[in-house]
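Numbering (this note's numbering), first residue to last: 67 to 252.
Built from N, CA and C at the ideal position, the CB exists for glycine as well.
All of these numbers come straight from a predicted model, not from anything done at the bench.
Reviewing the structure listed below.
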């Protein structure tokens with residue numbers, strides 16, 4: 067089962083994958099260096115192998131080459147970055163659906179541990195911005211037709227396992243339109 071992670075640069079995609087697969091948070095900023103990785107996860111009594119694919123968030127014309135045969139996408143944004151949240155709707159969902167119509171997508175709010183960080187909240191406030199609330203993520207998921215909205219912190223691992231459990235469930239129970247969802251790049 068193939069899971070591709072997309073989203074703006076620096077929203078925490080690579081840390082999410084490293085923290086999930088190694089149970090350790092990387093101690094310094096790591097630009098996309100995560101090698102494709104397979105992890106076996108138990109859902110109930112059944113083992114599932116999940117192939118995890120990281121992507122770069124900046125402009126990259128090669129990125130869609132990792133999309134073919136994707137079973138589920140994790141479309142990530144940083145809950146402390148309203149701009150990255152907007153890009154879920156403006157950039158990432160359109161890109162994924164252009165290349166893989168019908169592939170199930172989860173919207174993932176990352177870095178939720180920072181919602182309680184006074185310095186980060188103050189910095190946002192000075193820019194007349196606020197953290198993205200859970201309700202906004204849930205509303206966007208409904209609006210875009212995502213399977214679900216989930217949140218996590220790669221640092222504390224809060225909600226982290228749930229993100230990937232939900233990804234597996236979404237891939238196993240794809241939307242009815244999934245008949246032709248396997249991507250083809252021409």
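Cβ-Cβ distances below 8 Å link residue 218 to 82, 174, 175, 176, 178, 224, 225, 226, 228, 229 in the same chain, with the five nearest sequence neighbours on each side left out; the list follows chain order. Runs of the alpha helix (DSSP H) lying entirely within the region 187 to 240, each at least 4 residues long, are 200 to 210, 226 to 238 in chain order. The shortest C-alpha to C-alpha distance from residue 169 to any of 180, 213, 184, 92 is the one to 213. Within the DSSP secondary-structure output, residue 84 pairs in no beta bridge. Residue 162: member of the alpha helix (DSSP H) spanning 159 to 165, first to last residue.
Judged by DSSP in its simplified three-state form, residue 170 adopts coil rather than helix or strand. Using a Cβ distance threshold of 7 Å, residue 121 and residue 103 do not count as a contacting pair. Here the region 67 to 74 makes contact with the region 134 to 146; the two share three or more CB pairs at distances below 8 Å. Here residue 78 is buried, its C-beta having at least 16 other C-beta atoms within 10 Å. Straight through space, the alpha carbons of residue 165 and residue 210 are spaced by roughly 16 Å. Setting aside the 5 residues that flank it on each side, residue 215 is surrounded in the same chain by 173, 203, 204, 207, each with a C-beta closer than 6 Å to its C-beta; the list follows chain order.
Cβ contact annotation for residue 118 (same chain, cutoff 6 Å, sequence separation greater than five): 69, 83, 103, in chain order. The DSSP-derived three-state label of residue 105 is strand.
The Cβ atoms of residue 143 and residue 73 lie closer than 7 Å to each other. DSSP places residue 148 in the helix class (H, G or I) of the three-state scheme. Under the three-state reduction of DSSP, residue 130 is assigned to helix.
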